[in-house]
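Structure, as structure tokens:
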Amino acid sequence: MRSEPFVRFRHPIGVSWKVRRSSRRAQGSRYGGLTVLNSGINRFSSLARLLVLLPAFGALASNTGHGQIPELAAKPVPSPGKGEQTAVLAGGCFWGVDAVFKHVRGVTSVVSGYSGGSAATAQYEVVSTGMTGHAESVKITYDPSEISYSDLLRVFFSVAHDPTQLNRQGPDRGSQYRSVIFYANEDQRQTAQATIDQLNKAKVFSASVVTQVVPLKDFYPAEGYHQNFLARHPHYPYIVYNDLPKLRRLREQFPALYRQ
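In this note's numbering, the protein residues as written are 0 to 259.
See the structure below:
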């Protein structure tokens, strides 16, 4: 049975603990010059341990409960194109972001993966060190005749994650959880930057948006056990507390875009 990687977990209240799976890798693994120590806790924690911390997590979880992002100015917009297009976004743990966009009308596929670093370090254990340049990301393939890039960003900013959190998202900490829009062309770059500028100008959030807008170099699909994680493990404690509420907000805030 394949062991799940261990990552270091630091909670704001100073609590830390270790979870052991049924099997474990060696104490240290070397990838691309990085030595990874398998210690700490990952998102595969037990329900009993999570329930102890639910009151402390409450304030963090509520941070993503922003009101719906209003429709912003339509300029600039992506140039109309034939066939499917792609968007690569990073907003914390890719499990929840993946699940949100799988329920968006016009999206044909979502793949969890890594962007921002090299192929040599595009592995979960290594990315979890926060030293690779990678961010946990999703590659969204969509039909522009059904949904626009601008509407994907509205969902991204209001439901999928909290764009005001720097190098963290909810209980997860590290640069691998940073908020990033990886643009594939100039239209996407202009649309992303204009959206952020308008959100900040309108003071939609109580703090400034910290989302990075950077060119997409490569996207590396994550390991198989990360793909479509919420649908396969809807009762995982992390999913129940952090990600299922995102689907509820998507359904409530974007009924015209939501699909079962």
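Backbone N, C-alpha and C define an ideal beta-carbon position, used for all residues, glycine too.
Item, Value
"Considering only the alpha carbon of each residue, which of H232, A221 and P233 lies closest to K138?", "A221"
"Between which two residues does the beta strand (DSSP E) harbouring S136 extend?", "A134 to Y141"
"Smallest Cα separation from Q276: which of T120, I180 and E251?", "It is not possible to answer for residue 276, since the shown part of the chain is limited to 0 through 259."
"With distance defined between alpha-carbon atoms, name the residue in Q226, Y235, N227 and A183 nearest to L215.", "A183"
"Check for me: the beta strand (DSSP E) holding F181 runs from which residue to which?", "S178 to Y182"
"Taking 9 Å as the threshold (C-beta atoms), are S108 and V87 in contact?", "no"
"Is it right to say A159 is buried, meaning 16 or more other beta carbons lie within 10 angstroms of its own, or is it exposed?", "buried"
"Can you list, in chain order, the stretches of the alpha helix (DSSP H) that have 4 or more residues and sit fully within the segment 95-156?", "123-126 and 148-154"
"Taking 9 Å as the threshold (C-beta atoms), are H225 and W94 in contact?", "yes"
"Can you tell me whether D196 is buried or exposed? The criterion is at least 16 other CB atoms within 10 Å of its CB, across all chains shown.", "exposed"
"Please state whether the Cβ-Cβ distance between V103 and R258 is less than 9 Å.", "yes"
"What residue range is occupied by the uninterrupted beta strand (DSSP E) comprising A89?", "Q84 to G90"
"Are there three or more Cβ pairs, one per stretch, closer than 8 Å when the segment 237-256 is compared with the segment 148-163?", "yes"
"My understanding is that A134 touches L246, with C-beta atoms under 8 Å, so please give their C-beta distance in whole angstroms.", "About 22 Å; that fails the 8 Å criterion."
"Helix, strand or coil for Q175? Go by DSSP, reduced to three states.", "helix"
"Relative to the alpha-carbon of A230, which residue among F100, A119, D186 and A89 has its alpha-carbon at the smallest distance?", "F100"
"Using C-beta distances below 6 Å, list every residue in its chain close to T140, excluding the 5 sequence neighbours before and after it, in chain order.", "E83, T85, T107 and S108"
"For F218, name the three-state secondary structure that DSSP assigns.", "strand"
"Which residue comes first and which comes last in the alpha helix (DSSP H) that contains K202?", "First-last for K202: undefined, no H or E at that position."
"By Cβ distance, which residues of its chain are closer than 6 Å to S207, with the 5 residues on each side in sequence left out?", "N199"
"Tell me where the alpha helix (DSSP H) around L243 begins and ends.", "L243 to Q252"
"Three-state secondary structure (DSSP) at V212?", "strand"
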